[in-house]
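The structure appears right after this line, and notes come after that.
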């Protein structure tokens, strides 16, 4: 049901793509949908600028990056993708062929991307013209608070523990993780190449912003490398 929302100060639903992507805006829009911009200070009061939540157009049947192993690298892998953050804008630095629609003509992929773009455009237009969000509760579509820890879930299946990497050998498609239990609650933290934790920026319910969007979109940030990490979770 579509309802009017009161947006917190500094929040921008469905931001202008030119404000989100550093360059090659058309290439980014072919496979990514910008859905929400928030002030960086919302996560850490010492931070400036903005963070943008970007929802990949994932396959209808399968995981993000499935069948694209030849094009995995430092910025994309098994169900995860990274951006370089330059100022407050993003740039995907991976191989664009990671996305099947950029690699080969596929009737099913063309149809699915078309449906996703249609839904996104309709939701975006409803917001900008009427201030409406298609949603089913009175929340703003958040799965957790800003800057806190991410609960373990299906998304952790695409991460490896350090001892698994040591035992089986490093797999570039997978990232390492560190698990933590606090007061009986299980949390998971993705790790960068130096074994340091990414910081959780926030979690969005992707289906609130586009039909068939991910159950959860988790976005993390690595300050030393200015790298955004996005992972999708499906129940």
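Residue numbers (my numbering): 1373 to 1607.
Quick reminder that beta carbons are idealized off the backbone N, C-alpha and C, glycines included.
Option nearest residue 1381 by Cα separation, candidates 1422, 1389, 1405, 1523: Looking at 1422, 1389, 1405, 1523, the one whose alpha-carbon comes closest to that of residue 1381 is 1422.
What would DSSP say about residue 1532, mapped onto helix, strand or coil? Of the three classes helix, strand and coil, the one that applies to residue 1532 here is strand, per DSSP.
Please name the residue or residues paired with residue 1449 in a DSSP beta bridge. Looking at the DSSP output, residue 1449 shares a beta bridge with 1452.
DSSP state of residue 1431, grouped into three classes? The answer is coil: DSSP assigns residue 1431 none of H, G, I, E or B.
DSSP three-state call for residue 1569: helix, strand or coil? The three-state secondary structure of residue 1569, taken from DSSP, is strand.
Between which residues of its own chain and residue 1459 is the CB-CB distance below 7 Å, once the five residues before and five after are set aside? Cβ neighbours of residue 1459 beyond the five flanking positions: 1421.
Just verifying my parser: in three-state terms, what is the DSSP assignment at residue 1406? Residue 1406 falls in the strand class under three-state DSSP.
Provide the residue span of the beta strand (DSSP E) that contains residue 1550, from first to last. Per DSSP, the continuous beta strand (DSSP E) segment holding residue 1550 begins and ends at 1547-1554.
At the level of alpha carbons, what is the spacing between residue 1401 and residue 1602? Residue 1401 and residue 1602 have their C-alpha atoms roughly 16 Å apart.
Rounded to whole angstroms, what is the Cα-Cα separation between residue 1463 and residue 1455? Cα-Cα distance, rounded: 5 Å.
Output the boundary residues of the beta strand (DSSP E) element that contains residue 1463. Residues 1461-1463.
Distance CB(residue 1563)-CB(residue 1552) smaller than 8 Å: For residue 1563 and residue 1552, no; Cβs fall outside 8 Å.
Give the straight-line distance between the Cα atoms of residue 1389 and residue 1586, rounded to the nearest whole angstrom. Residue 1389 and residue 1586 have their C-alpha atoms some 20 Å from each other.
Using 10 angstroms around the beta-carbon of residue 1588, count the other beta-carbons present and answer buried if the total reaches 16, otherwise exposed. Label assigned to residue 1588: buried.
Rounded to whole angstroms, what is the Cα-Cα separation between residue 1313 and residue 1548? Any property of residue 1313 remains undetermined from this structure, which presents the chain solely from 1373 to 1607.
Own chain partners of residue 1606 with C-beta closer than 7 Å, once the 5 adjacent residues on each side are dropped: If we look at residue 1606 and ignore the five residues flanking it on each side, its Cβ neighbours are 1526, 1586, 1587.
Three or more C-beta pairs below 8 Å linking the stretch 1573-1582 and the stretch 1488-1495: Yes: at least three Cβ pairs fall under 8 Å.
Per DSSP, which one or two residues make a beta bridge with residue 1399? For residue 1399, DSSP assigns no beta-bridge partner whatsoever.
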